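Visitor: Here the sequence shown stands for residues 1 to 421, numbered as in this note's numbering.
A virtual CB, placed ideally from N, CA and C, is assigned to each residue, including glycine.
Since we're looking at a predicted model, the values are computed, not measured.
Take a look at the following structure, please.
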Amino acid sequence: MKVYKAHILYTKEKNRFEVLENGYIAVDADGCVTGVSTNLASLHGEDSEVVDFGDRLLIPAMNDLHVHAPQYRNQGIAMDMELLPWLHNYTFPEEMKYADTEYAERMYRRFVRDLWRVGTMRTCTFASVHTESTRVLMRLFQESGMGALVGKVGMNRNCPEGLSESVEDFVHGYESLIAEFNDPNALVRPIVTPRFIPSCTPEMLRACGELAAKYHLHVQSHLSENRDEIALVQQLEPESTSYGDAYDRYGLFGQTPTVMAHCVFSESEEIALMKRRGVIVAHCPTSNLNVTTGIAPIRQFLDEGVRVGFGSDISGGHNLSIFQMMVYAIQMSKLHYQRNHARSFLTLSEAFWMATKSGGSFFGNVGSFEPGYEFDALLIDDRDLNHDNYSLLERLERFIYIGDDRQIEKRFCRGKEIKEL
Ligand code: GUN
Ligand code: FE
């Protein structure tokens, strides 16, 4: 067992922080937290080695629930179109390049290293349609020691020929990844990834649902991001009563753990179905701003008990840092509050809880420091932010708002310190 000493901050509940000044946290050989307290004796850790981190802050690591690894090179460009033309003009041409595994290796290495840099220890990511490049990305994550759910993308309509794959080839390629990454407890796992309804024929959607059920795999996709997209889904799946219902008919809406990105235009029926099925929303505030999508009803999701975490959604989003997602989400919520006389805006503890405990729940017992949680943590040295005379909570708030990777001194995933790839 190992014991770490630092100022420990985390969120057990969304409405308040737990703050332990000079606290101790005990971590067992499997990388799980066995206790957290300001009283070392209560942790039965007297004979353990205590690693003293002094005046630094120790917080749970970040979780990114929605990002596109093969769009990394497009980060920060192509912000002049709405969703559907944006996909066809900028996104699909870049993803085509991942037929080349050498290009993939070069770009994916940067992507994984930069996730490490910004303190994201668990990532749920889209790859591209290409099986071998997806394998490259999964092996890079394995090499890094960080956790990732990685999705070879299913798509076979409304896209360029180079990105369209037959259902048969898709299933064959997918199963070859399952064969290599077959340990259900491993940090790196495949996730079933139909791009979204407009990209997938009913046969492709059925195949995705069957893969998820057969191999007990998580599912990720996009939901209710843009009005034109929603109209297209209604046309393609006329029997469905909502966009969410269209996924549900194929076993892709909570039959296994499911994350849906955006949910900006989700209405009552869809929201009720998400809640019933435990579908988790990936809120992607920067993407919603850049792709001119709108403001997602996060306050409503929180109040109604719909699960929600954050996604950077590179390259709809331009920023990989989940700390910055918290800031954007709070700011967008404040805009919404002022214009619409909303009930209240998002608080810092709610945003932090979304980034850690709520988002982390998609990966298992991840995102908190309660006993039984996997020890995913960041050690923050904020001396260069002139932290004197601020409370511990103010120091955390300042780091979230004005800090960056320079203050992240150490990173841990499932108990192990993670070094740069
Ligand atoms: N919907 C379908 N594909 C995509 C994508 O790559 N990015 C975003 N933001 N939305 C999508
Ligand atoms: Fe996306």
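1) Is residue 68 near ligand 2, in the sense that its beta carbon is under 7 Å from a heavy atom of that ligand?
2) Please name the residue in 256, 49 and 68 whose C-alpha comes closest to that of residue 277.
3) Is residue 218 near ligand 1, in the sense that its beta carbon is under 7 Å from a heavy atom of that ligand?
4) Could you give the uninterrupted runs of the beta strand (DSSP E) lying entirely in the region 49-88, keeping only those of 3 residues or more?
5) Decide if residue 21 is buried, meaning its Cβ has at least 16 other Cβ atoms within 10 Å, or exposed.
6) CB residue 218 to CB residue 262, shorter than 8 Å?
7) Could you name the residues of the same chain whose beta carbon sits closer than 8 Å to that of residue 350, not counting the 5 residues immediately before and after it, in chain order?
8) Is the CB-CB distance between residue 424 and residue 203 below 8 Å?
9) What residue range does the alpha helix (DSSP H) around residue 277 cover?
10) With 16 as the cutoff for other CB atoms within 10 Å, does residue 216 come out buried or exposed?
11) Would you be able to state if there are at least three C-beta pairs under 8 Å between the region 373-392 and the region 19-37?
12) When you measure from the CB of residue 119 to every non-hydrogen atom of ligand 2, does any distance come out below 7 Å?
13) Is residue 221 helix, strand or coil by DSSP?
14) Could you give the DSSP three-state label for residue 247: helix, strand or coil?
15) Can you check whether the CB of residue 318 is closer than 8 Å to the CB of residue 75?
16) Taking only heavy atoms of ligand 2 into account, decide whether any of them is closer than 7 Å to the Cβ of residue 222.
17) Check whether the Cβ of residue 83 lies closer than 7 Å to any heavy atom of ligand 1, and answer yes or no.
18) Should residue 236 be counted as a contact of ligand 3 given a C-beta to heavy atom distance under 7 Å?
19) Heavy atom of ligand 2 less than 7 Å from the Cβ of residue 316, yes or no?
20) Helix, strand or coil for residue 366, going by three-state DSSP, please let me know.
21) Decide if residue 383 is buried, meaning its Cβ has at least 16 other Cβ atoms within 10 Å, or exposed.
22) Enumerate, from N- to C-terminal direction, the unbroken alpha helix (DSSP H) stretches of 4 or more residues contained entirely within the region 258-334.
23) Under the criterion of a Cβ to heavy atom distance below 7 Å, does residue 313 qualify as lining ligand 1?
24) Starting from residue 379 and walking both ways along the beta strand (DSSP E), at which residues does that stretch end?
25) Counting Cβ pairs closer than 8 Å, one from the region 110-129 and one from the region 143-150, do we hit at least three?
26) For residue 54, count neighbouring Cβ atoms within 10 angstroms of its own Cβ and tell me buried if that reaches 16, exposed if not.
27) Can you find at least 3 beta carbon pairs, one from the region 289-303 and one from the region 243-255, that sit closer than 8 Å?
28) Below 7 Å, is the gap between the Cβ of residue 261 and the nearest heavy atom of ligand 2?
29) Over what stretch of residues does the alpha helix (DSSP H) that includes residue 112 continue unbroken?
30) If you draw a straight line from the alpha carbon of residue 265 to that of residue 339, how long is it in whole angstroms?
Guide: Judging by the given coordinates:
1) yes
2) Closest option to residue 277, judged by alpha-carbon separation, among 256, 49 and 68: 256.
3) no
4) As far as the region 49-88 is concerned, its whole beta strand (DSSP E) runs of at least 3 residues are 49-60 and 62-68.
5) When all chains shown are included, residue 21 counts as exposed.
6) no
7) Within the same chain, residue 350 has close Cβ partners 14, 15 and 302.
8) The structure shown does not extend to residue 424, since the chain is modelled only from 1 through 421, so no value can be given for it.
9) Taken as a continuous stretch (DSSP letters only), the alpha helix (DSSP H) holding residue 277 covers 268-277.
10) exposed
11) yes
12) no
13) strand
14) helix
15) Remark: C-beta atoms of residue 75 and residue 318 approach each other more closely than 8 Å.
16) At least one heavy atom of ligand 2 sits closer than 7 Å to the Cβ of residue 222.
17) Residue 83 Cβ: within cutoff of ligand 1.
18) Summarising the ligand content, the structure contains ligand 1 and ligand 2 and does not contain ligand 3.
19) yes
20) coil
21) exposed
22) 268-277, 285-290 and 298-304, all fully within the region 258-334.
23) yes
24) It spans 377-380 - the beta strand (DSSP E) in which residue 379 sits, taken as one unbroken run.
25) yes
26) exposed
27) no
28) yes
29) Segment 101-118, the alpha helix (DSSP H) holding residue 112.
30) 17 Å
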